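Chemist:
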Amino acid sequence: MTVRDSTYFAANPRTSFGVHACKSQGVLRALRLAVLFTALASTPCLAEDANSADIGPVASVSMDHNTFIPSEITVAPGTTVTWVNNEAMPHTVVDPSKGFRSKMLAKDATFSFTFTTAGDYDYLCSIHPNMKGKVIVKPGAS
Ligand SMILES: [Cu+2]
0 MTVRDSTYFA
10 ANPRTSFGVH
20 ACKSQGVLRA
30 LRLAVLFTAL
40 ASTPCLAEDA
50 NSADIGPVAS
60 VSMDHNTFIP
70 SEITVAPGTT
80 VTWVNNEAMP
90 HTVVDPSKGF
100 RSKMLAKDAT
110 FSFTFTTAGD
120 YDYLCSIHPN
130 MKGKVIVKPG
140 AS
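According to numbering that gives the first Met the number 0, the residues represented by the sequence shown are 0 to 141, in order.
(1) Report the partner residues of D121 according to the DSSP bridge assignment.
(2) Is K131 closer than 8 Å to D119 when the C-beta atoms are compared?
(3) If we ignore side chains and look at the alpha-carbon of each, how far apart do T115 and C124 end up?
(4) Should N65 be counted as a contact of ligand 1 given a C-beta to heavy atom distance under 7 Å?
(5) With contact counted as at least three CB pairs below 8 Å, one residue from each stretch, are the region 102-109 and the region 86-94 in contact?
(6) Could I get the ranges of all uninterrupted beta strand (DSSP E) runs contained in the region 66-128, with 3 residues as the minimum, in chain order?
(7) DSSP three-state call for S141: helix, strand or coil?
(8) Please check the pair W82 and F110, which I expect to be a contact at CB under 8 Å, by giving their CB distance rounded to whole angstroms.
(9) I need the straight-line Cα distance from T66 to K137, nearest angstrom please.
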């Protein structure tokens with residue numbers, strides 16, 4: 000069943016996810032049911048949310064007006080921080096010393112990093128080096 004599903008998805012990239020697969024024409028009923036059950040079992044449209052929910056606490060930082068907002072946050076170890084670019088200007092999230100580095104983030108793009116080790120993480124946008132932020136990872140922070 001898994002193999003057959005994979006074949007189906009590969010052959011029909013436009014209908015790989017979710018509801019539309021169930022409505023497509025010319026698909027065998029058995030495959031449609033298999034896709035439906037697969038969708039119910041794994042909820043592919045929500046897969047990313049489900050994964051991050053397993054990791055632990057979360058926090059978010061916006062990028063807008065060439066600024067990280069808030070510019071400094073304090074989180075507990077294990078927190079996944081997600082940066083969201085809320086403007087048309089592209090940005091990156093780069094920590095030169097501790098090693099996380101996003102790709103270029105267009106509007107509405109996100110980058111997430113899970114902070115497991117306590118410490119201060121200064122980061123910046125490599126496109127706009129004056130655009131700086133800081134994540135403080137501290138046990139007991141919420
Ligand atoms: Cu930038």
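In this text, a Cβ means the ideal position worked out from N, Cα and C, and glycines have one as well. Since the structure is predicted, the reported quantities are computational estimates derived from the model, not experimental observations.
Modeler: In terms of the structure at hand:
(1) K133
(2) no
(3) 22 Å
(4) yes
(5) yes
(6) 66-68, 71-74, 78-84, 109-114 and 118-123
(7) coil
(8) 5 Å
(9) 23 Å
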